[in-house]
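Colleague: Quick note: the sequence shown uses the working numbering, first residue 11, plus one each step.
Glycine residues also receive a C-beta, built at the ideal position from the N, C-alpha and C atoms.
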Amino acid sequence: MEEAALECKEKLRTALAPLQKKLNAFDKVKRICGQTAKHIKSQAQHTERQIKMEFEKLQQFLKDEEAARIAALREEEEQKTQMMKEKIEKMTEEISSLSEQIRAIEQELGAEDLSFLQSYKDTEKRAQCTLQDPEKVSGALIDVAKHLGNLKYRVWEKMLGTVQYNQC
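(1) Please tell me whether M101 and P144 are closer than 8 angstroms, where the distance is taken between their beta carbons.
(2) Runs of 4 residues minimum, wholly inside the segment 96-157: which ones carry the alpha helix (DSSP H) assignment?
(3) Counting only runs of 3+ residues fully inside the segment 13-79, write out the beta strand (DSSP E) ranges in chain order.
(4) Might you give, ordered along the chain, the residues of its own chain that have their beta carbon closer than 7 angstroms to the beta carbon of T172, omitting 5 neighbours on each side?
(5) Hey, would you say I115 sits closer than 8 angstroms to T140, going by beta carbons?
(6) Does the count of Cβ pairs from the segment 146-166 and the segment 43-50 closer than 8 angstroms reach three?
(7) DSSP three-state call for Y163: helix, strand or coil?
(8) Among the residues of its own chain, which have a CB less than 7 angstroms from the CB of M111, if the five just before and after it don't count?
(9) Find out if the Cβ-Cβ distance for the pair S129, E118 is shorter than 8 angstroms.
(10) From the DSSP output, in three-state form, read off Q92 for me.
(11) Could you tell me the alpha carbon to alpha carbon distance between R41 and Q60, rounded to whole angstroms?
(12) Can you tell which of K32, K73, E85 and L68 has the C-alpha that lies nearest to the C-alpha of L170?
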């Protein structure tokens with residue numbers, strides 16, 4: 011019986027060796043899986059930071075582009091506003107001159123006949139308007155199409171110049 015038990019124990023010990031070997035293999039693969047899981051987490055965090063950085067660059071590009079486009083609009087607004095102020099000033103001067111001329115002629119019309127006839131030739135000359143008709147205002151409005159036309163496409167096209175394709 012002792013011999014039979016010894017023989018059975020020896021058979022089990024022999025059968026145990028491959029199981030132990032398999033256990034070691036599973037432990038090794040488990041450790042590798044754990045290391046891989048940590049590496050995956052590290053990769054994901056690093057990649058997320060890179061994605062955020064790239065989007066921050068794109069957002070900054072868009073903010074800069076927006077600022078540049080608004081600055082161009084403001085510059086055009088300022089130029090056109092200045093042009094209108096100058097035109098209004100000129101019109102005000104011409105209106106004042108014409109009003110004064112009309113007032114003087116109306117005053118002559120109310121004068122005594124003798125005085126009126128004596129100054130008629132001079133008054134008639136003053137009644138001749140030497141001012142040219144006012145010019146119509148053209149090109150005075152903001153060129154909205156220049157600022158908004160194909161805006162997304164033009165910004166996208168400009169953005170392409172800053173983008174590089176990186177094959178990983």
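Modeller: If we stick to the structure as given:
(1) Yes.
(2) Whole alpha helix (DSSP H) segments, 4+ residues: 123-128 and 130-137.
(3) As far as the segment 13-79 is concerned, it has no whole beta strand (DSSP E) run of at least 3 residues.
(4) Only F71 meet the Cβ criterion.
(5) Contact flag unset, no.
(6) Short answer: they don't touch.
(7) Here Y163 sits in helix by DSSP.
(8) Inspection of the sequence shows that residue 111 is occupied by Gln rather than by Met. Excluding five sequence positions before and after Q111, the CB atoms of its chain that fall closer than 7 angstroms to its own CB belong to R136, given in chain order.
(9) Going by beta carbons, S129 and E118 fall inside the 8 angstroms limit.
(10) Assignment of Q92 by DSSP, reduced to helix, strand and coil, places it in the helix class.
(11) Each residue's alpha carbon lies about 28 angstroms from the other.
(12) Per the Cα distances, L68.
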